[in-house]
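Written below as structure tokens is the structure these notes are about.
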Amino acid sequence: MFEVLGFSDDALERTHDYIQWLFPLMEASQSVPDAPVLAAADVEAIQGSSMAMVALSAAADRMMAFYSRTNHWMGPADHNHLRITRIIRSLRLLRGEAEADRFRDLILERVKERRAPVSARAKGYWMTA
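The numbering of the sequence shown is my numbering, which starts it at 840 and goes up by one.
Put into structure tokens, the structure is as follows:
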């Protein structure tokens with residue numbers, strides 16, 4: 840995990856199988872079949888681990904830095920829109936409402952500032968993630 844946090848922005852963009860590992864969910868990934876799928880006990884264990892919480896926070900900070908420094912994802916459709924949805928959902932599951940909302944709001948503010956043509960559908964997913 841910490842290797843991924845050290846990736847350059849270009850490497851984060853080019854590599855497509857790390858988001859599912861950094862931000863796991865309770866359902867299988869459609870694009871990375873060997874990615875972890877959390878059970879309720881896993882969620883409890885992660886929430887109870889200060890090391891896991893620090894790692895998840897570091898991953899969210901790294902991805903926010905990526906989305907703050909890059910613009911290529913701000914089109915009507917981009918694979919990063921799915922990544923953003925996963926990040927929000929995982930943060931909501933593992934870190935709580937406030938962390939998920941903070942990430943989502945920073946993304947939406949960046950889209951608004953740039954007047955980016957991100958689709959209403961993608962923004963809707965982010966709002967309900």
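Ideal placement from N, C-alpha and C gives every residue a C-beta, glycine not left out.
Counting the other Cβ atoms within 10 Å of the Cβ of Q869 gives fewer than 16, which makes it exposed. Judged by pairs of C-beta atoms under 8 Å, the segment 898 to 913 touches the segment 840 to 851, as three or more such pairs exist. A straight-line Cα-Cα distance of about 26 Å links S929 and R953. For a cut-off of 8 Å, the C-beta gap from I946 to Y906 is around 6 Å, short enough to register as a contact. Between the segment 879 to 893 and the segment 911 to 921, the count of C-beta pairs closer than 8 Å stays below three; the two stretches do not touch. Looking only at R960, A959, T924 and L933, the smallest Cα-Cα distance to R943 is reached by T924. Rounded to the nearest whole angstrom, the C-alpha separation of F862 and A955 is 25 Å. Residue burial annotation: M865 is exposed, with fewer than 16 other C-beta atoms found within 10 angstroms of its C-beta.
Within its own chain, the residues whose Cβ lies closer than 8 Å to the Cβ of A874, once the five positions on either side in sequence are excluded, are D856, Q859, W860, P863, A867 and S868, listed in chain order. For L864, the secondary structure class from DSSP, reduced to helix, strand or coil, is strand. In the three-state DSSP reduction, V950 falls in the helix class (H, G or I).
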